[in-house]
Every structure is written in C-alpha cells, then in structure tokens.
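Residue numbers (UniProt numbering): 1 to 454.
In what follows, a structure is listed as structure tokens, so that the remarks can point back to it.
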C-alpha cells in the first residue's frame, strides 16, 4: 500500500535512473497504415499471412514429425483417406456466437462501436483448416482440448475420416522468431506500466491518479530511503487514458448537443497531468479502445496536437497500438489489450478445463508468431494487402498487454533459446495498480494507490 508521506525531513536528492531509448523512427513503419484505402478485400491479408508463416510452420513440423517418415500433403483438399499426413493452413472457426465484422461495417449506423461478445465457442462450433485450395473440417480430442483461434497458421498431423473430415493427432505452429541477446543491466532499473486511467469529463484527475503522478515524479515515498521512483527509467501508458462520452448521432441544430467544450477541457486537463509525468521521466503513450484513435488495429498514434504541453518534453512519445520501443537495448512490444481480449473469447467453457490467463494467452500468441490472429475475423483491423504487420519478425525481450483485470507476469520460451518476459497491466481506474518491471532481472512488482490509505 502507498500513502502520502511527510517530506519535510528529506535532505538528500536522488538522481533519476536514465536509459537509452531507440530512435523514434526505428519502429515507426512497423504498424503504420500509410496512406489508407478501404477498397481492398481482406482475403489479401489472409494470403499474405499464410504465405509468410507457412515456411516457418513447415520448419517446425519437420523438426517435430520429420523422424516419423510422415509425408506432407501440399493442399488440404489433396488429403487421401487412411493416410497419415500433415497439412498446413489457416484455422477458421465457424460459430454462431461470433459477430460478423463485415456486417457491422455495412450497417447504416457504421460509427457505432464494434459489438463485443462474451465468447465465441460453446461446443457446437466447427473448426476448419483452409488454404488457397479450400478447407477441411478438423475433428478429434486434440482439437477439442486445444486453444484454437481463427486466423492462426498451423500444421495439423492426422488422417482423413470416412466422412471427409481430418482427425487431428498433433499440431504445431510457426514458433517464436529469432531474438537478439538481452543486454545486461548492472543496477536496478524499472519500466513502469500503466493502463486504463480512464479520465472522465466529470473527474479528469482522480485522487488515485494524483497519487500515481506524485509517485512517478518522486514526491511520494519514504523520506529515509531512496524512492523506487528514482529507479524508473521509462513510463508506458498502455491505452485508455481517456473515457470520452459518446458523440451525438446524426445532425442536430441544437448547439448544446454539439457542444464539445467539456471534452476539450478534459483533454487539456489530461495533457497537463501527463506533462507533469513527462517532465520527470520519459513517457510513451499508446491509444486504446476508449481513446480518440482508430477503432481498428493497428491504432495509429494519438494526434500530437492533443498534447501541446507533453510534446514540449523530448522524452514524450505518442506510439501506435501495438507498438515496439527499446529501453537500454531491451526490445519491448506492447498492446493495449484488444488483441488478447479477443483471443480470450475463443477459450472454451470452464467445463473443458482451466482457462488460460491473459499472460498465458499472450505467451501463446508469441508461439504462433502472430499477436492478433483473430483480425480481421472478429477483431477490427485495417485491410493490408501486401503484408501482415501483426506477424513478428523478432521476439521481443518484453511483451506487455494493457487493459486487463489483474496484474500478471510470465514468460514465453522458444525452441531456439528465446526468452520473453510477458506482463499484463491492470486497468488503473478499477485496480489503482501499476506494474514495475526491473530490467536487471526481469522481475515484476506492483504498486497500488488507494485514497482510503491516506
């Protein structure tokens, strides 16, 4: 628990830990949509995904099953009956509980938020593997026990059944991509992850938010010991810094209905709040589902004109969602949580076994080499035609996910020695909690800010 302290006896001034950041342009094009055009079809994105990931899947399949004298069937529709083989394609789950992204876009009131379902799987859905030749239905206990998400590129080992389905005995994925060596850090140095401040028009800066700002700025803590805040070298706000009221629908001549002065005042208050933090430590800001940014992934950086005070500080950066950044040579990959939330909706009912935690889901997405496989099926995304930006070309040293219910930490391990620390960041407005990652040993701790403790 953190509470306000008396700083009148503090005599020593503690220096802020510093870290070397990457050039802002280094990763700027990874999740950039460029000049946008929405006339393309999403099938081009699926083809680009399959073509890029298929060689990696085949490599892992050869490692896993190569010694068993099992042949690879090139097309899913060329599988022969009673012959054990493996096929590679894109997983598709046909479920009546899934919303139709295309139907939502085609609705007359297309400016409404995407529909959100509690879950897409109930036990009555069908699972398919498809490639450019067609699709084949996947069946068997392995399919029933496994977490499968629409859009994953995978290899399935098994044989065709009399009814034309494919009974799966084993499966494998693309695996984690290569990873650079993690640089050593001699002393404690922290990255502070914050998510879901959810500032509102009614209360732009809550007491808990103010305590957080004082903590990050080093003015909240024990007077007799060096504050942990002095060891924070980077602050990351992973989405949902604002909670905006819905805009008026349609045209109205009532000036009061179109008055957005309260929203402008909210943005100015949040800009001032974040500027206080940016003055004390480098600050990276990512948009979330509630922020004034694209509804579809990858969300582009919030326009810098909204942060006139923040951008006066060289350490302030407005990033996309998802985003890469580097801190002292450590590659960090972050998401504001929409991709993991949607993956979680593919988890079967508790009767099928214990549900994976958000940390475990994030780690699995690294094993799939794709952090948003359900886009564009059930997760809105931009219709890329020549590439899929959610495919990972390198394994990050840290993968953090914002907007979760609880803080958490775990790890993802690759077959070639890759080791990624996985961190889930709770919604601050509900939990009043942040996560601190120590770059020296990759261990996590939390800090909670409660007004009731003052």
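Built from N, CA and C at the ideal position, the CB exists for glycine as well.
Predicted model only: the values in this text are computed from it and were never measured.
N-terminal and C-terminal residue of the beta strand (DSSP E) that residue i is part of
i: residue 136; result: 134-139
i: residue 176; result: Taken as a continuous stretch (DSSP letters only), residue 176 belongs to no beta strand (DSSP E), as it is neither H nor E.
i: residue 306; result: Taken as a continuous stretch (DSSP letters only), residue 306 belongs to no beta strand (DSSP E), as it is neither H nor E.
i: residue 167; result: 166-172
i: residue 433; result: 433-438
i: residue 335; result: 330-335
i: residue 318; result: 316-318
i: residue 238; result: 232-238
i: residue 29; result: Here residue 29 belongs to no beta strand (DSSP E), and DSSP marks it neither H nor E.
i: residue 347; result: Here residue 347 belongs to no beta strand (DSSP E), and DSSP marks it neither H nor E.
i: residue 391; result: No beta strand (DSSP E) contains residue 391, which DSSP labels as neither H nor E.
i: residue 460; result: In the structure displayed, the chain extends from 1 to 454; residue 460 sits before or after that span and is not available.
i: residue 157; result: 153-160
i: residue 193; result: 190-194
i: residue 323; result: 323-327
i: residue 485; result: Residue 485 lies beyond the stretch modelled for the chain, which goes from 1 to 454, so this question has no answer here.
i: residue 285; result: 283-286
Residue i (DSSP reduced to helix, strand or coil)
i: residue 41; result: coil
i: residue 426; result: strand
i: residue 446; result: strand
i: residue 109; result: Because residue 109 carries a pLDDT of 47, less than 50, the predicted location of this residue cannot be relied on, and the following value inherits that uncertainty. Three-state result, residue 109: coil.
i: residue 69; result: coil
i: residue 364; result: helix
i: residue 455; result: Absent from the model: residue 455. The displayed extent of the chain is 1 to 454, so no value can be given.
i: residue 340; result: helix
i: residue 406; result: coil
i: residue 79; result: coil
i: residue 57; result: helix
i: residue 220; result: coil
i: residue 203; result: coil
i: residue 197; result: coil
i: residue 148; result: coil
i: residue 421; result: strand
i: residue 50; result: helix
i: residue 20; result: coil
i: residue 412; result: strand
Per-residue burial, residue i [other beta carbons within 10 Å of its own, 16 or more giving buried]
i: residue 427; result: buried
i: residue 443; result: exposed
i: residue 39; result: exposed
i: residue 18; result: exposed
i: residue 133; result: exposed
i: residue 110; result: Reliability fails at residue 110, whose pLDDT of 49 lies under 50, so the model's placement of it is uncertain and the value that follows must be treated cautiously. The residue in question, residue 110, is exposed, as its Cβ has fewer than 16 Cβ neighbours within 10 Å.
i: residue 129; result: buried
i: residue 202; result: exposed
i: residue 411; result: exposed
i: residue 20; result: exposed
i: residue 397; result: buried
i: residue 395; result: buried
i: residue 341; result: buried
i: residue 239; result: buried
i: residue 66; result: exposed
i: residue 151; result: buried
i: residue 407; result: buried
i: residue 376; result: buried
i: residue 245; result: exposed
i: residue 262; result: exposed
i: residue 96; result: exposed
i: residue 6; result: Bear in mind that a pLDDT of 39 at residue 6, under 50, signals an unreliable position, so the model cannot answer this.
Check whether residue i and residue j have beta carbons under 8 Å apart
i: residue 281; j: residue 232; result: yes
i: residue 456; j: residue 61; result: Residue 456 lies beyond the stretch modelled for the chain, which goes from 1 to 454, so this question has no answer here.
i: residue 439; j: residue 331; result: no
i: residue 269; j: residue 325; result: no
i: residue 155; j: residue 86; result: yes
i: residue 299; j: residue 318; result: no
i: residue 168; j: residue 194; result: no
i: residue 390; j: residue 372; result: yes
i: residue 88; j: residue 58; result: yes
i: residue 228; j: residue 266; result: no
i: residue 16; j: residue 323; result: no
i: residue 153; j: residue 77; result: no
i: residue 157; j: residue 144; result: no
i: residue 346; j: residue 147; result: yes
Where the alpha helix (DSSP H) through residue i begins and ends
i: residue 207; result: 207-217
i: residue 273; result: 261-278
Closer than 7 Å: residue i CB and nearest the ligand COA heavy atom
i: residue 317; result: The ligand COA is not among the ligands present in this structure, which contains no ligands whatsoever.
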